[in-house]
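Chains V and A supply the protein sequences, listed in that same order. 20 is the number of the first residue of the first sequence in the working numbering; add one for each residue after it. 20 is the number of the first residue of the second sequence in the working numbering; add one for each residue after it. The beta carbon of each residue, even a glycine, is placed where N, CA and C say it ideally should be. The structure displayed is predicted, hence computed values, not measured ones. In what follows, a structure is listed as structure tokens, so that the remarks can point back to it.
2 protein chains.
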Amino acid sequence: MKFLRIKSKHVQGILEPNSPRKYQFQRFPQKYKSHVRKEVWDLSENSAGVSVSFSSNTSRLLIKWTLKNRFKMHHMNDVGVNGFDLYQKKNEEWHFISAGIPTDLKNETYLFKGLQKHLKHYRIHFPLYNTLTSLELGFDVNSDIKIINEKSPPLIFYGTSITQGGCASRPGLAYTNIISRKLNRTCINFGFSGNGHLEISIADILSKIDSAIFIIDCMWNIDKKIVLKNTRPFINAIRSKKNNLNCPIIFHEQYLSNLDHPDKKFIKSVVEKNMLLKKQIDNEKYKGSKNLHLVAQEGCINKDTEATVDGTHLNDLGFERFSHHLIIKLRDIGLI
Amino acid sequence: MKFLRIKSKHVQGILEPNSPRKYQFQRFPQKYKSHVRKEVWDLSENSAGVSVSFSSNTSRLLIKWTLKNRFKMHHMNDVGVNGFDLYQKKNEEWHFISAGIPTDLKNETYLFKGLQKHLKHYRIHFPLYNTLTSLELGFDVNSDIKIINEKSPPLIFYGTSITQGGCASRPGLAYTNIISRKLNRTCINFGFSGNGHLEISIADILSKIDSAIFIIDCMWNIDKKIVLKNTRPFINAIRSKKNNLNCPIIFHEQYLSNLDHPDKKFIKSVVEKNMLLKKQIDNEKYKGSKNLHLVAQEGCINKDTEATVDGTHLNDLGFERFSHHLIIKLRDIGLI
Chain V
20 MKFLRIKSKH
30 VQGILEPNSP
40 RKYQFQRFPQ
50 KYKSHVRKEV
60 WDLSENSAGV
70 SVSFSSNTSR
80 LLIKWTLKNR
90 FKMHHMNDVG
100 VNGFDLYQKK
110 NEEWHFISAG
120 IPTDLKNETY
130 LFKGLQKHLK
140 HYRIHFPLYN
150 TLTSLELGFD
160 VNSDIKIINE
170 KSPPLIFYGT
180 SITQGGCASR
190 PGLAYTNIIS
200 RKLNRTCINF
210 GFSGNGHLEI
220 SIADILSKID
230 SAIFIIDCMW
240 NIDKKIVLKN
250 TRPFINAIRS
260 KKNNLNCPII
270 FHEQYLSNLD
280 HPDKKFIKSV
290 VEKNMLLKKQ
300 IDNEKYKGSK
310 NLHLVAQEGC
320 INKDTEATVD
330 GTHLNDLGFE
340 RFSHHLIIKL
350 RDIGLI
Chain A
20 MKFLRIKSKH
30 VQGILEPNSP
40 RKYQFQRFPQ
50 KYKSHVRKEV
60 WDLSENSAGV
70 SVSFSSNTSR
80 LLIKWTLKNR
90 FKMHHMNDVG
100 VNGFDLYQKK
110 NEEWHFISAG
120 IPTDLKNETY
130 LFKGLQKHLK
140 HYRIHFPLYN
150 TLTSLELGFD
160 VNSDIKIINE
170 KSPPLIFYGT
180 SITQGGCASR
190 PGLAYTNIIS
200 RKLNRTCINF
210 GFSGNGHLEI
220 SIADILSKID
230 SAIFIIDCMW
240 NIDKKIVLKN
250 TRPFINAIRS
260 KKNNLNCPII
270 FHEQYLSNLD
280 HPDKKFIKSV
290 VEKNMLLKKQ
300 IDNEKYKGSK
310 NLHLVAQEGC
320 INKDTEATVD
330 GTHLNDLGFE
340 RFSHHLIIKL
350 RDIGLI
């Protein structure tokens, strides 16, 4: 076999791939380390939403990867946290092929073998919750390999553990990855587990990205005080750059997985928080902010009560519904 | 708080609850130990598909459980493998309330607290892949508790890891549990991970159950040789008891998660195996076997390629589709 060491320049889903970084697939370049809280920085090293696309006629594909640490979660499996999945593009649609199931810090597994040597177009989604310290792909010695740098005006997602991908059963089922495949658009995942605090420091970084659509999904990680204090400055910070004066910014309400849940206090607190967010957005619109949108939670996952693993984090049913819902809303708004 | 130790007599989803057993929630009574292979027996101790239903006006519910061993899987999370989930019945529908997330061999967590003291109807689904050595529920000291023994002609499922519940994100999302809630029917889960071998020893045990519908979903665990050798004797063994001469028996084809998968050899082998199963079933019908049905795999999960974690085991999207599909088929046949 011959091996290709995958580097920053090969992948989608990271900011400024050509800027120096400590870990190849950390989502921010190194220069932003001092701009964000330590918790955010540490999580930003996780490869959530990162992928590599390539075409090859190899009959077998080996994947070798090393993880930074032995991170495990009780409500999410190891494939989503520490593993990979492979898709094939065929007739303009992506089809799931196989998963790279991790067993330890160092992992090595075939994603396929024994295939016919026809040229195919693949994408591999990276672990949602760990940091990769190395990644190599192994191909037939005599095969052709072409890295595909998929470039399109990006959708930028900023949010919580749910945005990061908790609790998809495999990386490709995080909602940002589903949307990326369904729309054939670059998506960048700035989900920071427990740390989607609607921070101005993040808006400052996001403001540097041109021609993007910004989707802000922080509500599970913030309280009413932060909604009140940060919504306006956050919008203003993104809009502070000339190129982003009128860029689309979409806020998403906090969803409720069970409107009939007997914990009425919790339901009430979420409803009130969502109302406060709506008020902030309405105020900004009234003051003249263009291309600012709020997506209501109604109907996003709660067709029944089955779409979460724990009442909060989406399972695969939830991610399928959430991504479908967001695509519909983006179409309704006229952004895609 | 006051505590209730849950025992065999309290639960649904086990065979002959009043017969002696080593572990309270093992699916077979002890007397069948010598009737099945060791692998099947060991797996039969797992509490897959077992549940307890009760009504109570308690404001808080504590769950304390002890697991037999530290069983973990890389492609399934700990909640599905070792944990619980709680549903509430309201307006004749079941609503997910919360999950009991395991962290160790001994676990203790609130499933809710701070609720209004109204009488509510609950169900708790048990771990899909471990064996419980003890289970206690804790209620307000002054609360009312009534165990509900839900009895209805049962649906009996015999099959593989997928039947057992691999890889649902929480126990309630195994397809047998979804079907049980949607139809308000008792379901018994005889899924044995890797060991759904269409064995006559299992048919002998199943034959003792009266007024049941038998759903046989073994195809992932058997090859063409076993399909050819065991299908007829399996049916005959169930039908050997007078009460089951004409009981409904439904075989399910092996599903394909990606019809366009580039591994054509694998696709071909499944298609051929399914054709062989159909031939066996058709032969039996021709010979006069009544109430024998085959459910084709087409459309059961493969609306897209997203319904599995690894190409084989269903994720929550897959279980939602599979249960919906089976309910439709049972209706089409006229059995429900």
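Legend entry - Beta-bridge pairing of residue 108(A) - partner residues as DSSP gives them: 113(A) and 140(A)
Legend entry - Supposed contact pair residue 269(A) and residue 235(A) - C-beta distance, whole angstroms, cut 8 Å: 7 Å
Inset, instruction - Counting only the same chain and skipping the five closest in sequence on each side, list residues whose C-beta sits under 6 Å from that of residue 229(V). - result: 262
Inset, instruction - Drop a sphere of 10 angstroms on the beta-carbon of residue 40(V), count the other beta-carbons inside from all chains shown, and report buried for 16 or more, exposed for fewer. - result: buried
Inset, instruction - Can you tell me the Cβ-Cβ gap for residue 226(A) and residue 179(A), rounded? I've got them flagged as a contact below 8 Å. - result: Not a contact, Cβ separation roughly 21 Å.
Legend entry - Endpoints, the alpha helix (DSSP H) within which residue 255(A) is located: 243–257
Inset, instruction - Pull up the distance between the alpha-carbon of residue 92(A) and that of residue 96(V), whole angstroms please. - result: 8 Å
Legend entry - Rounded straight-line distance, which links the Cα of residue 52(A) to that of residue 46(A): 11 Å
Inset, instruction - Out of 140(A), 112(A), 186(A) and 335(A), point me to the one whose CA is closest to residue 201(A)'s CA. - result: 112(A)
Legend entry - Interface partners of residue 131(V) on chain A, CB under 8 Å: 281 and 282
Legend entry - Backbone CA spacing between residue 30(A) and residue 298(A) [nearest angstrom]: 39 Å
Legend entry - the stretch 78–94 of chain V touching the stretch 165–183 of chain V, judged by at least three CB pairs closer than 8 Å: no
Legend entry - residue 207(V) versus 349(V), 57(V), 310(V) and 70(V), residue with shortest Cα-Cα distance: 70(V)
Inset, instruction - With 7 Å as the limit, tell me which residues of the stretch 102–118 of chain A have their beta carbon closer than that to any beta carbon of chain V; keep them in chain order. - result: 107, 109, 114, 115, 116, 117 and 118
Legend entry - Neighbour list for residue 139(A) in chain V, Cβ cutoff strictly below 7 Å: 281
Legend entry - Residues of the stretch 320–348 of chain A with Cβ closer than 7 Å to any Cβ of chain V, in chain order: 324, 325, 328, 329, 330, 334, 335, 336 and 339
Inset, instruction - Just grab the DSSP bridge partners of residue 182(V) for me. - result: Partner(s): none; residue 182(V) has no beta bridge.
Inset, instruction - Starting from residue 121(A), find everything on chain V with Cβ-Cβ shorter than 9 Å and list it in chain order. - result: 93
Legend entry - Cutoff 7 Å: residue 100(V) Cβ touching any chain A Cβ: no
Legend entry - Sheet register partners of residue 84(A) (DSSP bridge): 126(A) and 154(A)
Inset, instruction - Assign residue 118(V) to one of two classes, buried (16 or more other C-beta atoms within 10 Å of its C-beta) or exposed (fewer than that). - result: buried
Inset, instruction - Find out if the Cβ-Cβ distance for the pair residue 142(V), residue 106(V) is shorter than 7 Å. - result: yes
Inset, instruction - Quick one: grab the DSSP three-state call for residue 98(A). - result: helix
Inset, instruction - Use the C-beta contact count for residue 365(V): other C-beta atoms within 10 angstroms, 16 or more gives buried, fewer gives exposed. - result: The shown model of chain V, from 20 to 355, leaves out residue 365(V), and the question about it has no answer.
Legend entry - Cross-chain neighbours of residue 186(A) in chain V, by beta carbon under 8 Å: 96 and 188
Inset, instruction - Go ahead and label residue 291(A) buried or exposed: buried means 16 or more other beta carbons lie within 10 angstroms of its beta carbon, across all protein chains shown. - result: exposed
Inset, instruction - Please report how far the alpha carbon of residue 321(V) lies from the alpha carbon of residue 163(V), in whole angstroms. - result: 46 Å
Inset, instruction - Please state if the CB of residue 204(A) and the CB of residue 171(A) are separated by a distance shorter than 7 Å. - result: yes
Legend entry - Residues of the stretch 267–296 of chain V whose Cβ lies closer than 8 Å to any Cβ of chain A, in chain order: 276, 277, 279, 280, 281, 282, 283 and 284
Legend entry - Stretch pair the stretch 122–130 of chain V + the stretch 337–347 of chain A: three plus CB contacts closer than 8 Å: no
Inset, instruction - Under 7 Å between beta-carbons, which chain A residues line up against residue 134(V)? List them in chain order, please. - result: 281 and 282
Inset, instruction - For residue 175(V), write down the residues that DSSP places opposite it in a beta bridge. - result: 207(V) and 233(V)
Inset, instruction - Compare the beta carbon distance of residue 150(A) and residue 64(A) with 7 Å and say whether it is the shorter of the two. - result: yes
Inset, instruction - Determine the chain A residues that contact residue 192(V) at a beta-carbon separation under 9 Å, and present them in chain order. - result: 325, 328, 334 and 336
Legend entry - Outcome for residue 138(A) when other beta-carbon atoms lying within 10 angstroms are tallied against a minimum of 16: exposed
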